[in-house]
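The sequence shown: position 212 = 212 (the UniProt record's numbering), numbered continuously. Idealized CB from N, CA, C, for every residue including glycine. Report on one structure; see the data block that follows.
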Amino acid sequence: MPASKPLTITYKNDDQWFAQIGPQLHATLDDDSLTFDNEIGKGDFYRVNIDQGLRVRRVVVQFHKPVIFKRKITHDPGYYVLVSNLSEQYLETRTGEQQFNLGYGTENGLYFSSPQLTASYSFEPGVQYHLIFIVLTYERIHDFISRQPETQQPLLRSFADADKPVYHVECLDSYSLNLLKEMDRQMHDRRGNNLLIHSRCLELCHHVLQKVEERRSRKAQAAPIHPLDVLKLNEIRRSLLEEYQQPCPPLHAAAQRALMSPTKFKNLFKQLFGHTYYQFYKNVRMHKARELLLTEKMNASEVGYLLGYNNLSKFTKAFKDAFAVTPGSVTPLTPTFSPPSSI
1 MPASKPLTIT
11 YKNDDQWFAQ
21 IGPQLHATLD
31 DDSLTFDNEI
41 GKGDFYRVNI
51 DQGLRVRRVV
61 VQFHKPVIFK
71 RKITHDPGYY
81 VLVSNLSEQY
91 LETRTGEQQF
101 NLGYGTENGL
111 YFSSPQLTAS
121 YSFEPGVQYH
131 LIFIVLTYER
141 IHDFISRQPE
151 TQQPLLRSFA
161 DADKPVYHVE
171 CLDSYSLNLL
181 KEMDRQMHDR
191 RGNNLLIHSR
201 CLELCHHVLQ
211 KVEERRSRKA
221 QAAPIHPLDV
231 LKLNEIRRSL
241 LEEYQQPCPP
251 LHAAAQRALM
261 SPTKFKNLFK
271 QLFGHTYYQF
281 YKNVRMHKAR
291 ELLLTEKMNA
301 SEVGYLLGYN
311 NLSKFTKAFK
321 DAFAVTPGSV
331 TPLTPTFSPP
341 SSI
């Protein structure tokens, strides 16, 4: 039986994003949300206008047929988009002639693109996708860059050049994932803590720009990585994310699993993910600990025990090394908090 033809949802830029895609999905719209439950599928889109030139969208959707969201080219400075996929399923993404899988289990966990390029996202039927879009104007990005150290500005400005269309993909490391999860928890129609969303947005943008700078500065020294090696390294990385309660497998064992020598594994892991193997493992555990303290109302002893620490002082030291505060000082988030109408 032939596969059904994909439904293509087209849009241009971001000012009227809901208004452009809503009728194509036969969706119900209001100021901040778009919902539909029909023959196309079921979806809930929610946005928060954080500040001038900065907004965030949360998209949770499952389609009954193949669907492609396609952004058309915009020739004015327009809007830049930083996209993350928090789903288990990869999202096939295309920019120009480049195609890749967007997802936290790949090296392509965060995707940044300028409006001068087409971009498409292909959704498979029967799969629930969970996406976060951070949308910034050209002016907002340059204002952000202008407040960075002067030595970094030329490189960062070249990354967001209105006359030079660019796209960039970056590994979704544990730090970025933690920021996105905190934002995601606040994205609901009871209007969560917008100040927290704003803060995490800026942290994530800064982190990504730092990654761009680091990657470009070492690009000349970087060795090419075979696609099969990338797959193996991503398997190791995913196991560290999912098995954070377990002791870290020795580097030589991880290298053997990846079919590499320990030296090759060590070098390629850092080149691809920006951290050493053991540092990545420590980051995953500490960010997971922080997430548990914030959302599960577990105390420091419970979290430390869950992570395998028999000595609370060792857990406290590791946590303080990562976040400069003790785990006991972390206050659980309250998702239903509504900020005052003005400050």
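DSSP lists Leu-110 as the beta-bridge partner residues of Glu-170. For Gln-62, the closest alpha carbon among the candidates Leu-312, Lys-320 and Phe-36 is that of Phe-36. Lys-314 sits in a helix when the DSSP states are folded into three classes. In this structure, Glu-214 is the residue among Leu-251, Glu-214, Ala-300 and Ile-9 with its C-alpha nearest to the C-alpha of Gly-274. The three-state secondary structure of Arg-94, taken from DSSP, is strand. Between the C-alpha atoms of Pro-115 and Asp-163 there is a straight-line separation of about 11 Å.
For Ile-68, same chain residues with a beta-carbon under 8 Å away, outside a window of 5 residues either side, are Pro-6, Leu-7, Thr-8, Ile-9, Ser-120, Tyr-121, Ser-122 and Phe-123 in chain order. For His-75, the CB contacts under 7 Å within the same chain, skipping 5 residues up- and downstream, are Gln-116 in chain order.
DSSP, read as helix, strand or coil, puts Val-208 in helix. Between Val-59 and Ile-134, the gap from beta carbon to beta carbon reaches 8 Å or more. Going by beta carbons, Thr-95 and Ser-113 fall inside the 8 Å limit. In the DSSP assignment, Gln-62 forms a beta bridge with Lys-42 and Gln-128.
Here Leu-251 has Pro-262, Phe-265, Lys-266, Tyr-277 and Tyr-278 as same chain residues with Cβ atoms under 8 Å from its own Cβ, once five neighbours each way along the sequence are excluded.
Between Arg-285 and Asn-178 the beta-carbon gap is near 12 Å, outside 8 Å, which marks them as no contact. Around the CB of Arg-47, 16 or more other CB atoms lie within 10 Å, so the residue is classed as buried.
Checking the DSSP bridge columns, you'll see Phe-123 partnered with Val-67. In this structure, DSSP gives Val-56 an extended state, which the three-state scheme calls strand.
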